[in-house]
Every structure is written in structure tokens, then in C-alpha cells.
Amino acid sequence: MKPATKPTNSSSAEAEGSAGAVAAAALSLPARLEAILYLKGRAVMLKELAQLAGCSSEEASTALMILMADYAHRETALEIRQDGDGYSLQLQADLADLVHTLVPLDLCAATLRTLAAIALKQPIRQAVLVDMRGSGAYDHIKELMAQGFVARRREQDGRSYWLTLTEKFHRTYTIRPPTQEPGQEPTT
Numbered sequence: 001m002k003p004a005t006k007p008t009n010s011s012s013a014e015a016e017g018s019a020g021a022v023a024a025a026a027l028s029l030p031a032r033l034e035a036i037l038y039l040k041g042r043a044v045m046l047k048e049l050a051q052l053a054g055c056s057s058e059e060a061s062t063a064l065m066i067l068m069a070d071y072a073h074r075e076t077a078l079e080i081r082q083d084g085d086g087y088s089l090q091l092q093a094d095l096a097d098l099v100h101t102l103v104p105l106d107l108c109a110a111t112l113r114t115l116a117a118i119a120l121k122q123p124i125r126q127a128v129l130v131d132m133r134g135s136g137a138y139d140h141i142k143e144l145m146a147q148g149f150v151a152r153r154r155e156q157d158g159r160s161y162w163l164t165l166t167e168k169f170h171r172t173y174t175i176r177p178p179t180q181e182p183g184q185e186p187t188t
């Protein structure tokens, strides 16, 4: 006869979460920090890294030094960069020419801001974007369309255009397209 087991209040989500935590804990601390930096895709403060990795700030700092030394001694395109109190995983700076060859973006800061506004609000009416960004947005839109990052479609009433991102944008920036919403209308 089996001994009686206590009923548990844990859900399957907790079980899956703890299984992921066990798998992550099996990795070395430098490997966990590397995974965190890769997944975050931005500079992460030491305190946040330590919290996410489940260690002290001192342990995280030591593990980061090991990881940085490891990247410095192997032939790789990536590096761990420290910017102030934050750490990030990124391409080595000397690969900038290669990046520009593969992803030629000759966009000025203002055009990039317009592109970011479209990306955040798409689909967005051109008139709304011009209200947000100013009349210079007309030139930005032309440039973004010429580079293939933005498409526009005339509104049904014919007064303005709907602006959306193109497949080229999503391939270039590996950002998944939203399932519509912000300004609504387009569904072609």
C-alpha cells in the first residue's frame, strides 16, 4: 500500500516555472548571465542581473569578469560591454562596417524617430503622424517608403493615408508585427 501524500496547492504553471528555474540553475553563473544579457537585448544593471540570476551582486560581478575575459580570448563577433553600471551583449564595435554592408541604414535621427513612432502606433494615419512629428514627417515618410520600411494606403474617404510597416522592416529589425489595433482600419 502506498503512503498517503499531502495534496499540493501548486499549479502546473508553478511546476513549469520551477522546472525552468532548475534547468537554469544547472548552468554556470556566467552562462546564466550570458543568457540574461542575450534575452534582455539591452544594458542591464548589475543589481538586476544578480536578482535575475539568483545570486549576490558580488557573485554576479565576478562571473561577469569571467564572462568578459572568456569573450576577449575567443574569436567571436560578440562582446560583453560595460556602459556605466549596465552590461550588455552586443556585436564588437569593429564589425560596424560589416553591419552597415548587411543592413544599410542611412537614416538620420529624426527619420528614425518617425519610424519608431510608426512602429509603435501602426497602423497610423499620416495626418496623425504629422501632428505628432511635425511637417518634416512628410520627408521622413518618403525616405522610409523609398528604403522599403513603410507602406502607405489611402484612407477610404481619400483625405489621408494609413501608414504601416513592411515585411522588410520586420526582417531587418526582427520585430514581430502586431495583430492590428492602435489606429485600426487597414486589413488588406
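Counting from 1, position 130 in the sequence shown corresponds to residue 130 in my numbering; the numbering is continuous, with no gaps. Ideal Cβ positions, reconstructed from N, Cα and C, are used throughout, including at glycine.
Point to revise | Beta-carbon proximity of G148 to K168, cut-off 8 Å | key: The sequence position of residue 148 within the sequence shown is 148, counting from 1. The sequence position of residue 168 within the sequence shown is 168, counting from 1. Yes, these two residues count as a Cβ contact at 8 Å.
Check your understanding: For E206, which beta-bridge partners are listed by DSSP?
Key -> In the structure as shown, the chain begins at 1 and stops at 188. Residue 206 is therefore absent and cannot be evaluated.
Practice item. Would you check if there are 3 or more beta carbon pairs closer than 8 Å linking the segment 54-64 to the segment 28-46? Key: yes
**Study point:** Continuous alpha helix (DSSP H) assignments of at least 4 residues falling wholly in the segment 49-73
**Key:** 57-73
Check your understanding: By DSSP, does L95 sit in helix, in strand, or in coil?
Key -> Locating residue 95 in the sequence shown gives position 95, counting from the first residue. Note: L95 maps to helix in three-state DSSP.
Practice item. Put A110 into one of helix, strand or coil per three-state DSSP. Key: The residue labelled residue 110 in the question sits at position 110 within the sequence shown. Here A110 sits in helix by DSSP.
Check your understanding: If T166 and Q122 are in contact, beta carbons under 8 Å, what's the gap, nearest whole angstrom?
Key -> The residue given as residue 166 occupies position 166 in the sequence shown. The residue given as residue 122 occupies position 122 in the sequence shown. Incorrect: roughly 10 Å between the Cβ atoms, too far for contact.
Review point. Mapping DSSP to helix, strand and coil, what is L27?
Key: Residue numbering aside, residue 27 sits at position 27 when the sequence shown is read from its first letter. DSSP places L27 in coil when its eight states are reduced to three.
Check your understanding: Name the DSSP beta bridge partners of R152, please?
Key -> Here residue 152 is taken as the residue at index 152 of the sequence shown, counted from 1. According to DSSP, which records beta bridges pairwise, R152 is partnered with L163.
Check your understanding: If we ignore side chains and look at the alpha-carbon of each, how far apart do L91 and Q156 end up?
Key -> Position 91 of the sequence shown holds residue 91. Position 156 of the sequence shown holds residue 156. Using only the alpha carbons, I get a separation of about 45 Å.
Point to revise | According to DSSP, residues forming a beta bridge with R125 | key: Mapped onto the sequence shown, residue 125 falls at position 125. W162, per the DSSP bridge assignment.
Check your understanding: Apart from the five residues just before and just after P3, which ones in its own chain have a Cβ nearer than 6 Å to its Cβ?
Key -> As a first step, residue 3 must be located in the sequence shown, where it is residue number 3. Summary for P3: the model assigns pLDDT 45, below 50, so the residue's position carries little reliability, and this model does not support an answer.
Point to revise | Inter-residue spacing [alpha-carbon to alpha-carbon] between T172 and A50 | key: In the sequence shown, residue 172 corresponds to position 172, counting from 1. In the sequence shown, residue 50 corresponds to position 50, counting from 1. C-alpha separation (whole angstroms): 32 Å.
Review point. Taking the alpha helix (DSSP H) that D139 falls in, what are its first and last residues?
Key: To locate residue 139, count along the sequence shown from 1; it is residue 139. Looking at the DSSP string, the run of the alpha helix (DSSP H) that includes D139 is A137 to A146.
Check your understanding: Once you ignore the five residues that flank C108 on each side, which residues in its own chain have a CB closer than 7 Å to its CB?
Key -> Start at 1 with the first residue of the sequence shown, and residue 108 comes out as number 108. Answer for C108: no residue qualifies.
Practice item. Give the single residue among L115, D131, L33 and A127 whose Cα lies nearest to the Cα of M145. Key: Position 145 of the sequence shown holds residue 145. Considering only alpha carbons, the answer is L115.
Point to revise | Residue from D83, A93 and A69 whose Cα sits closest to the Cα of A77 | key: If you number the sequence shown from 1, residue 77 lands on position 77. Per the Cα distances, A93.
**Study point:** Own chain residues within Cβ distance below 7 Å of C55, not counting five before or after
**Key:** The residue labelled residue 55 in the question sits at position 55 within the sequence shown. Here the set comprises L29.
Review point. Thinking C-alpha only, which one of V150, Q126, E143 and L89 is nearest A43?
Key: Counting from one through the sequence shown, the residue named residue 43 turns up at place 43. The candidate whose alpha carbon is nearest that of A43 is L89.
Check your understanding: Tell me which same chain residues have a C-beta within less than 7 Å of the C-beta of E14, skipping the five on either side of it?
Key -> Indexing the sequence shown from 1 puts residue 14 at position 14. Annotation note: pLDDT 47 at E14 (below 50); position unreliable, coordinate value reported separately. Nothing listed; no residue qualifies.
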